[in-house]
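S.K.:
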Amino acid sequence: MDDLPSTLRNGRYAVVRLLGEGAQAATFEAVDKKEGRPVAIKRFRVRGAKSWKEVELAEREARVLASITHPGLPRYIEHFEDQGELFLVTELIEGESLLSLRKRGATFSEADVVRFLRDVAAILDYLHGRAPPVVHRDIKPSNVLRRKDGSFALIDFGSVRDKMKPEGGSTVVGTFGFMAPEQFQGRAMPASDVYAAGATALAMLTGREPEDLPHKGLAIDVAASLGGGTSPALLRVLSSMLEPDPDRRASRLSPLLEGLASAPHAREQRRDPGPKESPRARDERGRARAKSGIGKELEDVVSRVVEEGVAHFEKEWSRNERKWEKKAQKREEKHERRARRAERRAERRAEDWSRGEHHHHGVPEPIRTFLHFGLTIAQIAILVSLRAVVPAVLTLLSIFFGKPLRDAASRTNEAGKAANDNILRAKDAVSGRVAPQGTRIEVREVDRPAAQKRVRIAGEESGEDHEAEEERLAEEEAEQAGRTKGRRGV
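Structure representation (structure tokens):
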């Protein structure tokens with residue numbers, strides 16, 4: 191193509207090569223520099239269009255592709271106009287058309303055809319199920335791509351225009367041979383796509399154009415075309431799909447395939463594509479079949495390894511989960527013991543206070559004012575941080591990380607409230623209105639890994655005095671346990 195552009199869309203797309211060309215449109219492969227992926231770009235020559243209908247169909251193709259999403263269809267990226275020409279950018283599906291494969295001497299087995307029918311049935315169910323239904327109107331070997339994994343994709347929604355490559359007939363609301371009889375009258379319907387898919391499957395099996403096959407009246411004689419090497423179930427499916435009368439033909443392909451096996455093991459169709467097939471073409475076909483078998487074995491091995499890996503991971507996870515539960519239980523028991531000891535210490539301090547062993551001395555006014563001011567500052571800081579800022583941040587993060595952060599926000603708010611209450615009591619104590627906080631105990635759960643708990647005692651001393659107190663309480667518990675055991679022995 192002489193006027194093949196090097197770049198498009200202000201340099202975003204770098205053109206690589208021409209894929210196909212018709213009278214009014216050309217398709218070429220390009221690289222999207224912005225996304226770093228290959229794309230297919232179709233260019234419509236608006237200025238050279240024979241009628242406004244061709245321009246309308248080009249715009250319709252872009253509009254339809256922009257509204258559909260299916261694994262078996264090219265994904266729409268964008269469309270734009272540049273210097274009187276329309277450009278449609280879609281995903282580049284890696285694969286080779288059935289027409290190109292057939293020209294290279296490739297043949298298709300019955301299993302290949304069943305795979306094609308199942309893939310195209312899923313695509314047509316999606317297209318025909320939309321409101322209003324989307325009818326492709328031009329299913330044929332050149333518009334069907336076979337991917338490397340053996341699956342099939344449907345391309346080219348141009349509908350009425352010359353086909354991408356000149357060989358194989360012209361396109362007038364479909365392609366002769368693959369076009370249902372009602373399309374000659376301009377009456378395309380979902381059943382028309384079913385007919386075209388059946389004609390494509392028949393071309394795959396026979397290696398010949400549908401118009402060159404035996405006919406009975408207006409109908410293709412499927413049995414005479416295939417001979418005796420095809421399974422009766424597939425023969426019935428193709429005959430139903432190629433029924434000339436649209437009122438008698440199925441409007442959906444999926445129900446027709448229910449009688450076919452999911453993975454048919456029919457023998458390979460060893461049909462000669464023509465008297466000119468060379469020994470080299472037959473050798474290449476044999477190597478392709480061998481490669482397909484190796485690929486299946488490799489797929490089985492990979493699947494088995496993945497399953498074993500998943501089973502091992504689940505076993506190890508279960509084992510580690512039990513260990514974590516035991517450690518969490520031990521930590522919880524330890525903190526419960528500490529909580530009981532803390533309660534006893536608080537009770538003793540309360541008793542000491544009630545007996546008058548602790549005396550509250552008045553605080554000089556300047557020091558009391560200073561302490562009261564400091565406690566007020568601390569109170570404001572706690573209210574702002576623990577009851578406003580931190581809960582708000584944790585609640586916002588819980589949108590992304592879920593319930594644990596919402597629980598943490600709630601606990602932080604509660605901690606702020608408790609701290610505020612304690613500061614109020616401390617201010618009262620400084621003012622000389624109540625006893626200090628030495629007699630009050632707070633036992634709070636703190637959100638930690640493995641359900642860890644922490645016990646905090648308000649006004650509790652730390653350091654060596656705290657450790658000595660814990661040792662003394664532990665000795666008292668041991669003595670009490672010994673006395674209990676001795677009484678039981680007696």
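Going from the sequence shown to our numbering is simple: count from 1 and add 190. All residues carry an ideal CB built from backbone N, CA and C; glycine is no exception.
(1) Ignore the nearest five residues each way along the sequence and tell me which others in T585's own chain have a CB closer than 6 angstroms to its CB.
(2) CA-CA distance, R646 and R535?
(3) Between the stretch 405-415 and the stretch 278-294, are three or more C-beta pairs nearer than 8 angstroms?
(4) Indicate the three-state DSSP secondary structure (helix, strand or coil) for V310 in the structure shown.
(5) Would you call the stretch 365-372 in contact with the stretch 266-278, where contact means no fewer than 3 C-beta pairs closer than 8 angstroms?
(6) What separation, rounded to the nearest whole angstrom, lies between the Cα atoms of L714 and E604?
(7) Output yes or no for whether 8 angstroms exceeds the beta carbon distance between V384 and R439.
(8) Do A387 and I345 have their beta-carbon atoms positioned less than 8 angstroms apart in this structure?
(9) Look at L576 and L587 and say whether their C-beta atoms are less than 8 angstroms apart.
(10) To the nearest angstrom, how far is the alpha carbon of L561 from that of I572?
(11) Can you have a look at F158 and say buried or exposed, based on whether 16 or more other CB atoms are within 10 angstroms of its CB?
(12) Measure the alpha-carbon distance for A648 versus A609 and round it to whole angstroms.
(13) Where does P400 sit, in a helix, a strand or coil, going by DSSP?
(14) Any chance the stretch 374-383 sits against the stretch 317-325, with 3 or more Cβ pairs inside 8 angstroms?
(15) Is it true that the CB of E275 sits closer than 8 angstroms to the CB of R207?
(16) Only counting the same chain, and skipping five residues up and downstream in sequence, which positions put a Cβ closer than 8 angstroms to that of H551?
(17) Counting only runs that start and end within the stretch 259-305, where is the alpha helix (DSSP H) found for 4 or more residues in a row?
(18) Measuring only the C-alpha atoms, how far is A312 from V304?
(19) Please report the straight-line C-alpha distance between A343 and A215, rounded to a whole angstrom.
(20) Starting from L586, trace the alpha helix (DSSP H) both ways and give me its first and last residue.
(21) Suppose you measure from the CA of G592 to the CA of R426; what does that come to, to the nearest Å?
(22) Using the Cβ count rule (16 or more neighbours within 10 Å means buried), how would you classify N333?
(23) Express the C-alpha separation of W507 and A393 in angstroms, rounding to a whole number.
(24) What does E537 pair with, by DSSP beta-bridge criteria?
(25) Thinking C-beta only, is V221 closer than 8 angstroms to A204?
(26) Helix, strand or coil, according to DSSP, for D222 in the structure here?
(27) With distances taken between CB atoms, is the gap from V620 to T602 smaller than 8 angstroms?
(28) Residue range of the alpha helix (DSSP H) that A413 falls in?
(29) Near E665, what residues of its chain come up, given a Cβ to Cβ distance below 8 angstroms and the 5 sequence neighbours on each side ignored?
(30) Do L450 and A423 have their CB atoms nearer than 8 angstroms?
(31) Determine the extent of the beta strand (DSSP E) in which F563 is found, giving its start and end residues.
M.R.: Let me lay it out:
(1) In the same chain as T585, and ignoring 5 residues on each side of it, the C-beta atoms closer than 6 angstroms to its own belong to A599, in chain order.
(2) With a pLDDT of 44 at R646, under the threshold of 50, the modelled position of this residue cannot be trusted, and the question is left open.
(3) With a cut-off of 8 angstroms on Cβ pairs, the stretch 405-415 is not in contact with the stretch 278-294, counting fewer than three such pairs.
(4) In the structure shown, V310 sits in a helix (DSSP, three-state: H, G or I).
(5) They do not touch, by the three-pair rule.
(6) Coverage of the chain is limited to positions 191 through 680, which leaves residue 714 absent and any answer about it impossible.
(7) In this structure, V384 sits near R439, with a CB-CB distance shorter than 8 angstroms.
(8) No, these two residues do not count as a Cβ contact at 8 angstroms.
(9) Result no, Cβ atoms of L576 and L587 do not sit closer than 8 angstroms.
(10) Between L561 and I572, the C-alpha separation is close to 16 angstroms.
(11) Nothing in the structure corresponds to residue 158, since the chain is present only between 191 and 680.
(12) Caution applies to A648, whose pLDDT of 41 falls short of 50 and renders its modelled position unreliable; the model cannot decide the point.
(13) Reduced to three states, the DSSP call for P400 is helix.
(14) The stretch 374-383, when compared against the stretch 317-325, does touch it at the 8 angstroms Cβ threshold.
(15) No, they are not a contact pair.
(16) Reliability fails at H551, whose pLDDT of 49 lies under 50, so the model's placement of it is uncertain and the value that follows must be treated cautiously. No residues qualify anywhere along the chain.
(17) As far as the stretch 259-305 is concerned, its whole alpha helix (DSSP H) runs of at least 4 residues are 288-293.
(18) Rounded to whole angstroms, A312 to V304 spans 13 angstroms at the Cα level.
(19) Distance between the alpha carbons of A343 and A215 is about 21 angstroms.
(20) Start and end: V580 to F591.
(21) Cα-Cα distance, rounded: 55 angstroms.
(22) That one is buried.
(23) Rounded to the nearest angstrom, the two C-alpha atoms are 54 angstroms apart.
(24) Looking at the DSSP output, E537 shares a beta bridge with no other residue.
(25) At a Cβ-Cβ threshold of 8 angstroms, A204 and V221 count as neighbours.
(26) Strand.
(27) One thing to note: V620 has its Cβ no nearer than 8 angstroms to the Cβ of T602.
(28) Counting along the chain, the alpha helix (DSSP H) containing A413 begins and ends at V412 to L416.
(29) Exclusion of the five residues before and after E665 leaves no residue of its chain whose Cβ lies closer than 8 angstroms to its Cβ.
(30) Taking 8 angstroms as the cut-off, the beta carbon of L450 is found closer than this to the beta carbon of A423.
(31) For F563, no beta strand (DSSP E) encloses it; the enclosing alpha helix (DSSP H) starts and ends at E555 to V574.
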